[in-house]
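Asks:
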Amino acid sequence: EIDFIKALVNENPVVFLDEIQAELEESRGIHVSLATLSRTLHQLSITNKKVSKAALERNQLLRATWLAEWGDVPVEYLVWIDESSVDDLTNQRRRG
Numbered sequence: 103e104i105d106f107i108k109a110l111v112n113e114n115p116v117v118f119l120d121e122i123q124a125e126l127e128e129s130r131g132i133h134v135s136l137a138t139l140s141r142t143l144h145q146l147s148i149t150n151k152k153v154s155k156a157a158l159e160r161n162q163l164l165r166a167t168w169l170a171e172w173g174d175v176p177v178e179y180l181v182w183i184d185e186s187s188v189d190d191l192t193n194q195r196r197r198g
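Going by the numbering used here, the sequence shown wraps up at 198, each residue one higher than the last.
Take a look at the structure:
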C-alpha cells in the first residue's frame, strides 16, 4: 500500500492525512491511523512543505526581455515600488 500512498501524494501534493486515510479506506478497505500515516510519510521522506504558487502575471519572455535591456544596471541603482492590494486568498492553506 506504500506505492498507493506515494501515488496519492504525487497526484495531489497538498493532500491532508485524513484525506489519504479516507482514500485508503474507500479504495482498499484498509483503516490506518493518522499517526501511522504520518510516520509512513516521514519514513518515505515526504515531509510537511510550504505550498507556494507562482503569480499569474509572471511571464518568462517579458522577464527575459527586461533582463536583456536592464540587466547591466547595478542593483544598487534600482528602487522597486509595489502597488498596495488586498489578497482574497489569505485564508487558503499554505501547508499541504
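C-beta: ideal position from N, C-alpha, C; glycine also. None of these values were measured; they are calculated from a predicted model.
According to DSSP, which residues form a beta bridge with K108?
Replies: Looking up residue 108 in the sequence shown gives position 6. For K108, which the question treats as bridged, DSSP gives no partner whatsoever.
Asks: By Cβ distance below 7 Å, which residues in the same chain neighbour A131 in space, the five residues on each side in sequence not counted?
Replies: Along the sequence shown, one-based indexing puts residue 131 at 29. It is worth fixing the name first, because residue 131 is Gly in this sequence and not Ala. No residues qualify anywhere along the chain.
Asks: Assuming the contact rule is C-beta atoms closer than 8 Å, L119 and L136 should be a hit. Round their C-beta distance to whole Å, please.
Replies: Within the sequence shown, the letter at position 17 stands for residue 119. Within the sequence shown, the letter at position 34 stands for residue 136. About 5 Å separates the two Cβ atoms, so the contact holds.
Asks: On the DSSP letters alone, give me the boundaries of the alpha helix (DSSP H) that I61 sits inside.
Replies: Outside the shown range of the chain, which is 103 to 198, sits residue 61, and nothing can be said about it.
Asks: So is I183 buried or exposed if we call it buried at 16+ other beta carbons inside 10 Å?
Replies: Counted from its first residue, the sequence shown places residue 183 at position 81. Exposed, because fewer than 16 other Cβ atoms sit within 10 Å of the Cβ of I183.
Asks: Which residues in the same chain have their Cβ closer than 8 Å to the Cβ of I148, if we skip the five residues on either side of it in sequence?
Replies: Within the sequence shown, the letter at position 46 stands for residue 148. Closer than 8 Å at Cβ, skipping near neighbours: K108 and V111.
Asks: Straight-line CA distance for A124 to V117?
Replies: Position 22 of the sequence shown holds residue 124. Position 15 of the sequence shown holds residue 117. C-alpha separation (whole angstroms): 11 Å.
Asks: Could you tell me if I104 is buried or exposed, where buried requires 16 or more neighbouring beta carbons within 10 angstroms of its beta carbon?
Replies: As a first step, residue 104 must be located in the sequence shown, where it is residue number 2. Under this definition I104 is an exposed residue.
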